[in-house]
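Chains A and B, in that order, give the protein sequences.
Numbers 607 to 997, taken from our numbering, label the letters of the first sequence in order.
Numbers 67 to 389, taken from our numbering, label the letters of the second sequence in order.
I have placed the structure first, in the form of structure tokens, so that the comments after it can refer back to it.
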Amino acid sequence: MKLPWARKQAGDTHNGDTRIVHSVLQKVADKPASISAFSSILAIISGLVVGFVIMLIVNPGDAVPGFFTILFGWLSEGSRSVGDMLYFGVPIVLTGLSVAFAFRTGLFNIGATGQLTVGAFTAVYIGVNWGFLGALHWVVAVLGGMIAGAIWGGIAGLLKAFRNVHEVVSSIMLNYIAMYLNTMLIVQLIYNRQYARAMSPLPSARIPTWFLRDIFPGSSVNIGIFIAIGLTILLHVILNRTVFGYELKSVGFNRDAAKYAGMNARRNIVLSMTISGALSGVAGAIMFLVAGRHLEPVNQLMQEGFTGIAIALLGLSAPAGVFLAGIFYGALEQGGYYLQLYDFMPEIIDIIIAVIIYFSALSLFIQSYVAGYLRRKVGAEVELQQGTAVK
Amino acid sequence: MSQTLGIVYFLFPLVVASMVPLALVALGALFSERSGVINIALEGIMVMGGFVGIMSIRYIELATTLPSQLIAFIGLLIGAVAGCLFSFFHAYASINMKSNQIISATALNLFAPALAVFVARTIFLSRRIVISGNYLIREVPVLSDIPVIGELFFTRAYLSTYIGVVIFIVLTIVLYKTRLGLRIRSCGENPHAADSLGVNIYRIRYIGVLISGALAGMGGVIFVLSFATRFDGTVVGFGFLALAVLIFGQWHPRKILYAAFFFAAMRVIASTYSGIPVLQDIRLPAEVYRMLPYVATLVVLAFVSKKSQAPRAAGEPYDVGKR
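Written as structure tokens, this is what we have:
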């Protein structure tokens, strides 16, 4: 990211120090992105502080080492734990991208968890049954998950575009329908009675690890990380460099104005939700096309979809930001794994994430407060300058 | 014929037990949305209320020998207070801070189960909080002898059912027959008009959200007392089901009752259908019945949303400058 004030500062040096400070503050105040980045960091810090305080209350003696474990646990076992951080981070990056993409196009995709569930089921179903595909097996399974997620998201999009049903409400219903459907279909189609869970995908359906196994020995990381990077770049390009992305954003920003400008608002809403759902579907596929992790018929919503909301907010809905925030979450999750050494329950991570979401919700206020503060500051400095000039 | 009657007598109390928390929580959400604040945090608030309420019940059980219905009553109150306090966070974010109400509610939904499980595991070394589970009223003296009605309403009942009925009636009257109710409704429809007549929008919206918090918190306790002898950090989607009840009931108390009855019946059928002759033969998986309320809500939404009864200003932060 280009520093917003870099150019200005260089050009203005000869005008004196106050002028530089003025221009920097002015720039920051005028540039919403930097203020939102600031409020994002503030939200993270608030979440961590609340988590730390709870740890202090529960177990004062181990709170400090425990807290550092959360923050730096991902470094504790070298390349192995770094690899696992990426492994935990990938699905969250993808659900984060899913939610962020919807946000950018004016939609709130609270249905990521449902889309992820149908994606996971479809991928595992293909992974269990379609062994004849050979080397392409895992690719088809991931694509299957993607299509299932896309359909699930698309339903919410259709309802929004043609029946004016708010996507939040329809997505909540679709989440639970997906959850029960998942349980039902696991038991009917791919049930492993002995362990009361879904069967394992065939080895040919597992996401390959390629050379990552050598770089991060002992960790579970797979090439899902490359898929995540690829999709991050793709979304960045779509949103910022294509007419299609511009139309999607326009419709999100003002449906009527976009329609007036000749865009097909309905089609764009459906497409937005479909793409968003596809991303969550891929997340579900990547989560479960691995060894040692199984779908279970337990009637529980998968939390990864909701975590994606937090990640999208923290990443300011920009693909690159979401990627970073998702990996940050992977680090927390990995830290939480080691946390049990200190008698802390890993749920503290979920508490921290929830607090971060809450403060992200307040971010609008924080942003306007910071912007106002900066403006006042700039105003004061301008007065000061004028004062000196009069003298 | 007598067999059918037997099944009805068997199922009805179960349906009522599911219906009461659903209807109460949906009514709470109705107050919140009618005042103009969307509250999808019901699930989280129920968990928080259930957690604090059940934990209190456990300690009261251990420390005292109070009669069990009194303990239940205290637990319900504590749950309501806890839910009320917890919903304050949502109210503050959506009313004072003009935040996105979905985001702040999502935060509450994630926070409550995480905290409940964290605390339970830290204190009890297990996510479960176990209570004695002796809160069923087998027979209400005298009243249970009334034919039919006695069998339906006064045997195998819960204290929460009677409390719930009273609260439902009182709050419905408040909403439609009092000045406060009119103000709440007006804040959700046209806050600017209400403001111009001197109504304090912020105060009314706080009242709406806090009522929904109290009812959801109490609903969480009712949920555990009626269906389980332990609390394990979840109300299995009951809060979202209540939201579906509210929408299916089109933001109207009487229709909410019908919706709650329908949804509760589906829940009961899902868990008992193997004992009902007609359904036994159809052999549908239980999940079909569990799914049905959500599918029905989607269908209803698809057909009525163009002339939706949703409060017009629900979800919009109040901004004086927009008048």
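Beta carbons: idealized from backbone N, C-alpha and C, even for Gly.
Ignore the nearest five residues each way along the sequence and tell me which others in residue i's own chain have a CB closer than 7 Å to its CB.
i	result
Ile796 of chain A	Val730, Tyr731, Val734, Ala804, Met805
Lys608 of chain A	Note that Lys608 of chain A has pLDDT 40, beneath the 50 cutoff, so the model's placement of it is unreliable and the number below is only indicative. Within the same chain, Lys608 of chain A has no close Cβ partners at all.
Met661 of chain A	Ala669, Gly672, Phe673, Phe950, Ile954
Leu654 of chain A	Ile958
Ile106 of chain B	Ile168, Ala171, Leu309
Ala726 of chain A	Gly751, Gly890, Ala891, Met893, Phe894, Leu901
So, at 6 Å on beta carbons, what are the nonlocal neighbours of residue i in its own chain, with the 5 sequence-adjacent residues on each side left out?
i	result
Ala649 of chain A	Ile962, Phe965, Ser966
Ser101 of chain B	Ile250, Cys253, Gly254, Ile270, Arg271, Gly274
Asn564 of chain A	No information on residue 564 of chain A is available, as it lies outside the stretch 607 to 997 that chain A covers here.
Val827 of chain A	Gly689, Leu692, Tyr693, Leu818
Ala308 of chain B	Leu88, Val91, Ala92, Leu108
Met998 of chain A	Shown here, chain A extends from 607 to 997; a query on residue 998 of chain A therefore has no answer.
Arg333 of chain B	Ser84
Ile104 of chain B	Gln167, Ala380, Gly381
Ala864 of chain A	Ser856, Val857, Ala871
Assuming the contact rule is C-beta atoms closer than 8 Å, residue i and residue j should be a hit. Round their C-beta distance to whole Å, please.
i	j	result
Gly932 of chain A	Gly667 of chain A	Wrong, their Cβ atoms sit about 33 Å apart, outside the cutoff.
Arg872 of chain A	Phe714 of chain A	Their Cβ separation, rounded to whole angstroms, is 18 Å, which puts Arg872 of chain A and Phe714 of chain A out of contact at 8 Å.
Leu174 of chain B	Gly110 of chain B	4 Å
Tyr693 of chain A	Ser825 of chain A	6 Å
Tyr360 of chain B	Leu218 of chain B	That pair is no contact at about 28 Å.
Asn798 of chain A	Gly717 of chain A	Between Gly717 of chain A and Asn798 of chain A the Cβ distance is about 28 Å, and since that is not below 8 Å, they are no contact.
Gly145 of chain B	Val118 of chain B	6 Å
Phe297 of chain B	Gly116 of chain B	6 Å
Pro404 of chain B	Ala223 of chain B	Not covered by the structure: residue 404 of chain B. The range shown for chain B is 67 to 389.
Assign residue i to buried or exposed, taking buried as 16 or more other Cβ atoms, counted over all protein chains shown, within 10 Å of its Cβ.
i	result
Gln721 of chain A	buried
Trp680 of chain A	buried
Ser192 of chain B	exposed
Gly978 of chain A	exposed
Gln135 of chain B	exposed
Tyr975 of chain A	exposed
Asp690 of chain A	buried
Asn266 of chain B	exposed
Val849 of chain A	exposed
Thr70 of chain B	exposed
Ser986 of chain A	In the sequence as displayed, the identity of residue 986 of chain A is Ala instead of Ser. Exposed.
His156 of chain B	buried
Leu947 of chain A	exposed
Val699 of chain A	buried
Glu99 of chain B	buried
Arg258 of chain B	Here residue 258 of chain B is His; the residue named in the question, Arg, does not match the sequence. His258 of chain B comes out exposed.
Val344 of chain B	exposed
Ile348 of chain B	exposed
Ala802 of chain A	exposed
Asn788 of chain A	buried
Thr619 of chain A	Confidence at Thr619 of chain A is low in this model, with a pLDDT of 41, below 50, so the placement of that residue should be treated as unreliable; the coordinate-derived value is given next. Burial call: exposed.
Glu939 of chain A	buried
Asn770 of chain A	exposed
Leu364 of chain B	buried
Ile792 of chain A	buried
Asn233 of chain B	The question names Asn, but residue 233 of chain B in the sequence shown is Ile. Buried.
Asn166 of chain B	buried
Ile189 of chain B	exposed
Ala616 of chain A	Bear in mind that a pLDDT of 39 at Ala616 of chain A, under 50, signals an unreliable position, so the number given afterwards is only what the model happens to contain. Burial call: exposed.
Glu353 of chain B	buried
Pro213 of chain B	exposed
Excluding the five sequence neighbours on either side, which residues of its own chain have a C-beta within less than 8 Å of the C-beta of residue i, listed in chain order?
i	result
Gln909 of chain A	Thr719, Asp956
Ser810 of chain A	Gly737, Leu739, Gly740, Ala741, His743, Trp744
Asp385 of chain B	Lys164
Arg187 of chain B	Arg193
Ile829 of chain A	Ile813, Pro814, Thr815, Trp816, Leu818
Gly299 of chain B	Val113, Phe117, Pro179, Ala182, Val183, Ala186, Arg193
Gly760 of chain A	Val876, Met879, Thr880, Gly883
Ser776 of chain A	Gly717, Ile761, Ala762, Leu765, Lys766
Handout entry: Within the region 220-302 of chain B, ranges of the beta strand (DSSP E) (whole runs, at least 3 residues)
Key = 221-224
Exercise for the section: Evaluate contact between the region 274-294 of chain B and the region 332-343 of chain B, counting only Cβ atoms and requiring at least three cross-stretch pairs below 8 Å. Expected result: no
Practice task
Taking only runs that begin and end inside the region 867-921 of chain A, name each unbroken alpha helix (DSSP H) of 4 or more residues, in chain order.
Solution key: 871-894, 910-920
Practice task
Examine the Cβ distances between the region 764-775 of chain A and the region 835-849 of chain A and report whether three or more of them are shorter than 8 Å.
Solution key: no
Practice task
Mind the definition here: the region 196-210 of chain B touches the region 111-126 of chain B only if three or more C-beta pairs lie below 8 Å; say whether that holds.
Solution key: The count of Cβ pairs closer than 8 Å, one atom from the region 196-210 of chain B and one from the region 111-126 of chain B, reaches three, so the stretches are in contact.
Exercise for the section: For the region 98-124 of chain B, list the alpha helix (DSSP H) runs that are entirely contained and at least 4 residues long, ordered along the chain. Expected result: none
Exercise for the section: Run through the region 159-208 of chain B for me and flag every whole alpha helix (DSSP H) of 4 or more residues, listed as ranges in chain order. Expected result: 167-190
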